[in-house]
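Residue numbers (the UniProt record's numbering): 1 to 224.
The C-beta atom is built at its ideal place from N, Cα and C for all residues, glycine as well.
Shown next as structure tokens:
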């Protein structure tokens, strides 16, 4: 497992983080990934690259920060793009019961187009960017350090990479909802351009557009 150090710009923040590369081949959904270190911490930056197939039956998918590895676990943050409703539902589940939904902001993800979702964990909540633009802040409703797993659910969905970056420093200015933020600047080795031999001639790369077909498609996990 290789370790790297890099930095990026998050709005007006400078973010520096360390990470390591772990490659997983031929994943299925729901997909479970244990949080590196066993729990979620303030300052953790999660980056997910993927694409929803451009087919009528692709209605939704969800990204969930969950307490346990289960099909329907309690989750402190549920991020659920719904194409048939043209919105992204944000919520939490506690004791098997959903809280109140948040739906504002429209739907910044399109079928057939690669997406990048960034989730920055702060002391106040989860700051979400989609394709390098600020989308929403979801305030904490439950203890985020109880989170042990990232769970991704959906059909007609490809996830190219998941990146768990451990942030070290950033400037305190928070992006204003709806405002255009500076694009994230990724240095080589951030996980956007990583490539490594898995076995023989098999390779996995998180570069967008470099997919080798459904049977050879794998998931690149970038973990602390």
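Chain-order list of residues whose beta-carbon lies under 6 Å from that of residue i (same chain, five-residue window excluded)
{"i": "residue 52", "result": "58, 111, 157"}
{"i": "residue 116", "result": "49, 131"}
{"i": "residue 109", "result": "81, 115"}
{"i": "residue 126", "result": "77, 119, 138"}
{"i": "residue 143", "result": "none"}
{"i": "residue 64", "result": "75, 78, 151"}
{"i": "residue 47", "result": "118, 163"}
Run of the beta strand (DSSP E) containing residue i, from where it starts to where it stops
{"i": "residue 144", "result": "Run containing residue 144: none; DSSP gives neither H nor E here."}
{"i": "residue 153", "result": "149 to 154"}
{"i": "residue 29", "result": "It is not in any beta strand (DSSP E) - residue 29 carries neither H nor E in the DSSP assignment."}
Own chain, CB closer than 8 Å to residue i, minus 5 neighbours either side, in chain order
{"i": "residue 124", "result": "137, 139, 140"}
{"i": "residue 101", "result": "89, 90, 91"}
{"i": "residue 39", "result": "145, 146, 147, 148"}
{"i": "residue 95", "result": "74"}
Distance between residue j and residue i (C-alpha atoms, nearest Å)
{"i": "residue 164", "j": "residue 56", "result": "32 Å"}
{"i": "residue 54", "j": "residue 33", "result": "26 Å"}
{"i": "residue 74", "j": "residue 153", "result": "14 Å"}
{"i": "residue 79", "j": "residue 37", "result": "22 Å"}
{"i": "residue 98", "j": "residue 128", "result": "20 Å"}
{"i": "residue 67", "j": "residue 147", "result": "4 Å"}
{"i": "residue 161", "j": "residue 29", "result": "14 Å"}
{"i": "residue 84", "j": "residue 61", "result": "11 Å"}
{"i": "residue 107", "j": "residue 35", "result": "27 Å"}
{"i": "residue 103", "j": "residue 87", "result": "6 Å"}
{"i": "residue 93", "j": "residue 105", "result": "21 Å"}
{"i": "residue 45", "j": "residue 113", "result": "23 Å"}
For residue i: DSSP bridge partner residues
{"i": "residue 120", "result": "45, 127"}
{"i": "residue 159", "result": "50"}
{"i": "residue 138", "result": "126"}
Residues near residue i by beta carbon distance below 7 Å, same chain, minus five either side
{"i": "residue 42", "result": "121, 122, 123"}
{"i": "residue 69", "result": "32, 149"}
Which full runs of the beta strand (DSSP E) of 3+ residues lie inside the stretch 36 to 101, going along the chain? 44 to 52, 61 to 66, 75 to 82, 87 to 94
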